[in-house]
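Peer 1: Chains as they are written, first to last, in the UniProt record's numbering: chain H, 1 to 171; chain Z, 1 to 171.
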């Protein structure tokens, strides 16, 4: 039996990496738009379907999902965003701020949260009750990857040249 | 400090749940097509963009990603699929078989694989070398959610009524 897995290892660096990849995917979208001679902001309002959310909201929700995770696992109040971003530079700043915020948590704050109670307020279904493990694996990770994958799909469906390695990213 | 997190908990039940949700998402697509009076198989060849993979392949890759995970973590040969599916019923059977296969692994086989070496053969980049934790969190989970999210997006972009709760699913 080697060293074990910790809630910190399964959350903070995993979330940071997904957000760094999202940042790079966005950057490739912006660069592609510029090379094609159209306003990159057009991409931020692009959707896969009329009643799905546009790219800008996908990025906002991805960062929200990520920032809430360590805060809820640690049992502290999360930082807040005003959701006022309209352009790429503001979204990069939001991603950077979230990645930095995640890095402000210590392993000691997150480890041991497997069975800690997490209350998740929702608009439509009241408070959802999880333990830390169920919250991380049943909500945070699938949600985060959903929004990063959807951002990727929106850009791909607009002709931005991206591959799976942009999504999986480095370390 | 409560009970700790294990590699088994972070893999087998998590992967099974994502596949069960994918199965239900597919079923809603099939039902929708039937209610609209077109051949559901049309959906299986639908793509988000010409050089992205169609729904049928998204399901095949999701199940491949999931089935390899416990096998590689446990250091055993994985079962194989012949990739001959053409319709919904065959995809359900493939999903069911994968879910059952995942369930055949014991916690004892998977736990302790955090630092076990995993070699991942790739067509374009030779063998990728991971430890078990890096393989699970840097490859398996993001990949699986990518393909489930893309399957969801393909169905949504064809007008299938799905919501986030279909993607996140139950337990």
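Yeah, the Cβ is synthetic: ideal placement off N, Cα and C, and Gly gets one too.
Here the structure is a predicted model, which is why all the values come from computation and not from measurement.
Cβ of residue 10(Z) less than 8 angstroms from any chain H Cβ?
Peer 2: yes
Peer 1: Of all the residues that make up the region 38-65 of chain H, which are near chain Z by a beta-carbon distance shorter than 7 angstroms?
Peer 2: Those would be 48, 49, 52, in chain order.
Peer 1: Is the Cβ-Cβ distance between residue 155(H) and residue 162(H) less than 8 angstroms?
Peer 2: yes
Peer 1: Shorter than 8 angstroms from the beta carbon of residue 98(Z) to some beta carbon of chain H?
Peer 2: no
Peer 1: I need the straight-line Cα distance from residue 117(Z) to residue 57(Z), nearest angstrom please.
Peer 2: Between the alpha carbons of residue 117(Z) and residue 57(Z) lies a distance of about 28 angstroms.
Peer 1: Compare the C-beta of residue 5(H) with all C-beta atoms of chain Z and state if any pair is closer than 8 angstroms.
Peer 2: yes
Peer 1: Mind checking if residue 104(Z) is an interface residue toward chain H, Cβ cutoff 8 angstroms exclusive?
Peer 2: With its beta carbon at least 8 angstroms from every one in chain H, residue 104(Z) lies outside the interface.
Peer 1: Where do the ends of the beta strand (DSSP E) carrying residue 126(Z) lie?
Peer 2: Per DSSP, residue 126(Z) is one residue of the beta strand (DSSP E) stretching across 126-131.
Peer 1: Decide yes or no for the touch test of the region 30-37 of chain H against the region 54-71 of chain H: beta carbon pairs closer than 8 angstroms, at least 3 of them.
Peer 2: The region 30-37 of chain H, when compared against the region 54-71 of chain H, does not touch it at the 8 angstroms Cβ threshold.
Peer 1: Per DSSP, which one or two residues make a beta bridge with residue 122(Z)?
Peer 2: According to DSSP, residue 122(Z) bridges with 126(Z).
Peer 1: Report yes or no: is there a C-beta of chain Z within less than 8 angstroms of the C-beta of residue 142(H)?
Peer 2: yes
Peer 1: Taking the straight line between their C-alpha atoms, what separation do you get for residue 92(Z) and residue 4(H)?
Peer 2: 35 angstroms
Peer 1: With a threshold of 7 angstroms on Cβ separation, who are the neighbours of residue 105(Z) within its own chain once the five nearest residues in sequence on each side are excluded?
Peer 2: 12, 70, 74
Peer 1: DSSP puts residue 136(H) in a beta bridge; with which residues?
Peer 2: Answer is none; residue 136(H) lacks a bridge partner.
Peer 1: By the 10 Å Cβ neighbour count, where 16 or more other Cβ atoms means buried, how is residue 119(H) classified, buried or exposed?
Peer 2: exposed
Peer 1: For residue 153(H) and residue 153(Z), which I take to be in contact (beta-carbon distance under 8 angstroms), what is that distance rounded to the nearest angstrom?
Peer 2: 5 angstroms
Peer 1: For the putative contact between residue 148(Z) and residue 22(Z), defined by C-beta atoms under 8 angstroms, what is the C-beta separation to the nearest angstrom?
Peer 2: 5 angstroms
Peer 1: For the region 110-129 of chain H, enumerate the residues whose C-beta is nearer than 7 angstroms to any C-beta of chain Z, in chain order.
Peer 2: 112, 114, 115
Peer 1: Do residue 127(Z) and residue 25(Z) count as a contact pair if the criterion is CB distance below 8 angstroms?
Peer 2: no
Peer 1: Count the other C-beta atoms from every protein chain shown that fall within 10 angstroms of the C-beta of residue 113(Z), then say buried if there are 16 or more, exposed otherwise.
Peer 2: buried
Peer 1: Contact defined as beta carbons within less than 8 angstroms: I believe residue 136(Z) pairs with residue 19(Z). What is the distance between those atoms, to the nearest angstrom?
Peer 2: At roughly 16 angstroms, the Cβ-Cβ gap does not stay under 8 angstroms, so residue 136(Z) and residue 19(Z) are not in contact.
Peer 1: What residues of chain Z sit near residue 14(H), judged by a beta carbon separation below 9 angstroms?
Peer 2: 137, 138, 141, 142
Peer 1: Within a Cβ cutoff of 7 angstroms, which residues of the same chain sit near residue 157(Z), ignoring the five residues on either side of it in sequence?
Peer 2: 48
Peer 1: Mind checking the region 149-171 of chain Z against chain H and listing, in chain order, the residues whose C-beta falls within less than 7 angstroms of any C-beta there?
Peer 2: 149, 150, 153, 156, 157, 167, 168
Peer 1: Only counting the same chain, and skipping five residues up and downstream in sequence, which positions put a Cβ closer than 6 angstroms to that of residue 44(H)?
Peer 2: 55, 56
Peer 1: Rounded to a whole number of angstroms, what is the C-alpha to C-alpha distance between residue 123(Z) and residue 103(Z)?
Peer 2: 29 angstroms
Peer 1: Rounded to the nearest angstrom, what separates residue 17(H) and residue 170(H) at their Cα positions?
Peer 2: Distance between the alpha carbons of residue 17(H) and residue 170(H): 8 angstroms.
Peer 1: Using only the alpha-carbon positions, how far apart do residue 142(Z) and residue 50(Z) sit?
Peer 2: 23 angstroms
Peer 1: Name the chain Z residues that come within less than 8 angstroms of residue 18(H), Cβ to Cβ?
Peer 2: The contact set of residue 18(H) on chain Z, defined by CB atoms closer than 8 angstroms, consists of 142 in chain order.
Peer 1: Please report the residue range of the alpha helix (DSSP H) in which residue 150(Z) lies.
Peer 2: 141-156
Peer 1: For residue 133(H), which residues in chain Z fall below 8 angstroms Cβ to Cβ?
Peer 2: 5, 9
Peer 1: Assuming residue 15(Z) and residue 139(H) form a contact by the criterion Cβ under 8 angstroms, report the distance between their Cβ atoms to the nearest whole angstrom.
Peer 2: The pair is not a contact, with the Cβ atoms about 16 angstroms apart (cut-off 8 angstroms).
Peer 1: Around the C-beta of residue 76(H), are 16 or more other C-beta atoms found within 10 angstroms, so that it is buried, or is it exposed?
Peer 2: exposed
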